[in-house]
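Student:
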Amino acid sequence: MMIALRDTDSAAIAAEFRRSRTRAGSPAMGMVLTMVIVADEDDADAAMEMGREASHEHPARVLGVILGDGRGASQVDAQVGTGSGWTGETALIKLSGEVVKHPDSVVLPLLLPDSPVAVWWPTDPPLDPAADPLGALAQRRITDSANVSRNHAAVLRNQCKAYTRGNTDLAWTRLTPWRALLAAALDQHPLKVTGGSVTAERANPSADLLVAWLHSRLGVAIERKNSKGPGVTAVELTTKEGPIRIDRPDGRLATYSSPGHPDRPIALRRRDVHELLAEELRRLDKDDVYASVARALTRSHA
Numbered sequence: 123m124m125i126a127l128r129d130t131d132s133a134a135i136a137a138e139f140r141r142s143r144t145r146a147g148s149p150a151m152g153m154v155l156t157m158v159i160v161a162d163e164d165d166a167d168a169a170m171e172m173g174r175e176a177s178h179e180h181p182a183r184v185l186g187v188i189l190g191d192g193r194g195a196s197q198v199d200a201q202v203g204t205g206s207g208w209t210g211e212t213a214l215i216k217l218s219g220e221v222v223k224h225p226d227s228v229v230l231p232l233l234l235p236d237s238p239v240a241v242w243w244p245t246d247p248p249l250d251p252a253a254d255p256l257g258a259l260a261q262r263r264i265t266d267s268a269n270v271s272r273n274h275a276a277v278l279r280n281q282c283k284a285y286t287r288g289n290t291d292l293a294w295t296r297l298t299p300w301r302a303l304l305a306a307a308l309d310q311h312p313l314k315v316t317g318g319s320v321t322a323e324r325a326n327p328s329a330d331l332l333v334a335w336l337h338s339r340l341g342v343a344i345e346r347k348n349s350k351g352p353g354v355t356a357v358e359l360t361t362k363e364g365p366i367r368i369d370r371p372d373g374r375l376a377t378y379s380s381p382g383h384p385d386r387p388i389a390l391r392r393r394d395v396h397e398l399l400a401e402e403l404r405r406l407d408k409d410d411v412y413a414s415v416a417r418a419l420t421r422s423h424a
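Residue 392 in our numbering sits at position 270 of the sequence shown; the count goes up by one each step and never skips.
Below, the structure written as structure tokens:
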């Protein structure tokens, strides 16, 4: 059950959390982190649903923050509750007026003590997440260059340029199965790679990151090719014995081809956002590989 609080503050929201736990008969919810979701009003419901799904694997206090009109007197409205599919506590907080410039003043008192904090921007992120008032509170700052309103490639480059320990982008998380398959393929075929290509939709930041990763790891030119999608549709690595190729035209099932072996099907389903979030929340430490790829992509566009 969600309780609406109008023209409220952090203390009242925290008090409603306590009352919600009492009503639910669970004075200790076993929450392991605080997840802050910074969303536009139009996207807030969908983003909170993704947060709810991710919280099944990582019980969390989930704080949705809507930054409204920054003009006029400060006002904080909230919907607070537990249950209804949530594994922990949740609040959807709408800020308007002067407080929009200082959202951390509302969120900071609501963070779980002695627990990590993750902030997720499901659409347009700040230029520098670590310098953002809410991003500065977090150990993990999650952006999604594939879901911005425009200019995906430029947003990705800005995120890579502003990389700070704890930053990540779901465009990178989407590549985990691709990277695992390619690494396994090269373990199976320890051949010298002389070139390669990545084929994907034109505006696909994951493909740009995959090109940068392969180039930095293999030290060869990787061509970026366009397709109708969905997402990344093929990767090919050239060797003297023939190509190693993973072809996924439908976003679900891929065909793996390698020298001297028959083609074989591989499950390579495009994952939902809540699955990507859950993966990122499993690891809150520094991602050294993403850090090196972010630097490589930044250098390639200098």
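For glycine and all other residues, C-beta sits at the position ideal for the given N, C-alpha and C.
1) Do the region 229-245 and the region 193-204 touch if we need at least three Cβ pairs shorter than 8 Å?
2) Please list, in chain order, all residues of the same chain as Ala176 whose beta carbon is under 7 Å from its beta carbon, the five residues on each side excluded.
3) Using beta-carbon positions only, say whether Pro244 and Asp226 come within less than 8 Å of one another.
4) When you compare only the Cα positions, how much space is there between Gly173 and Phe139?
5) Within the same chain, show all residues whose beta-carbon is closer than 6 Å to that of Asp254, passing over the 5 residues directly before and after it, in chain order.
6) Got a sec? Which residues, its chain only, sit under 7 Å from Arg128 by beta carbon, not counting five neighbours each side?
7) Give the single residue among Gly190, Ala195, Gly210 whose Cα lies nearest to the Cα of Arg183.
8) Would you be able to state if there are at least three C-beta pairs under 8 Å between the region 287-303 and the region 178-193?
9) Grouping DSSP H, G and I as helix and E and B as strand, with all else coil, what is Trp243?
10) Could you tell me the alpha carbon to alpha carbon distance between Thr130 and Gln197, rounded to whole angstroms?
11) Can you find a C-beta in chain B that's less than 8 Å from the C-beta of Ser132?
12) What are the complete beta strand (DSSP E) segments, minimum 3 residues, inside the region 181-264?
13) Can you name, in chain order, every residue of its own chain whose Cβ lies under 6 Å from the Cβ of Arg116, other than the five neighbours on each side?
Tutor: This is what the structure holds:
1) By the Cβ criterion, the region 229-245 is not in contact with the region 193-204, since fewer than three pairs of Cβ atoms, one from each stretch, lie closer than 8 Å.
2) As a position in the sequence shown, residue 176 is number 54, starting the count at 1. Excluding residues within five positions, the ones whose Cβ falls inside 7 Å are His396, Leu399, Ala400, Leu403.
3) Taking the sequence shown and counting its residues from 1, the one referred to as residue 244 is at position 122. Taking the sequence shown and counting its residues from 1, the one referred to as residue 226 is at position 104. Going by C-beta atoms, Pro244 is not nearer than 8 Å to Asp226.
4) Start at 1 with the first residue of the sequence shown, and residue 173 comes out as number 51. Start at 1 with the first residue of the sequence shown, and residue 139 comes out as number 17. For Gly173 and Phe139, the distance between alpha carbons rounds to 18 Å.
5) Taking the sequence shown and counting its residues from 1, the one referred to as residue 254 is at position 132. Pro248, listed in sequence order.
6) Position 6 of the sequence shown, counting from 1, holds the residue named residue 128. So the list reads Asp199, once near-sequence residues are dropped.
7) For the purposes of this step, residue 183 is taken as the residue at position 61 of the sequence shown. Minimum Cα distance to Arg183 is reached at Gly210.
8) Verdict: no, contact absent.
9) Here the question's residue 243 lines up with position 121 in the sequence shown. Trp243: coil per DSSP, three-state reduction.
10) Here residue 130 refers to the residue found at position 8 of the sequence shown. Here residue 197 refers to the residue found at position 75 of the sequence shown. Using only the alpha carbons, I get a separation of about 7 Å.
11) Of the protein chains in the structure, only one exists, and it is not chain B.
12) Under the rule that a run must span 3 or more residues, the beta strand (DSSP E) segments found entirely inside the region 181-264 read 182-189, 197-204, 211-218, 239-242.
13) Only positions 123 to 424 of the chain appear in this structure, which leaves residue 116 out of reach.
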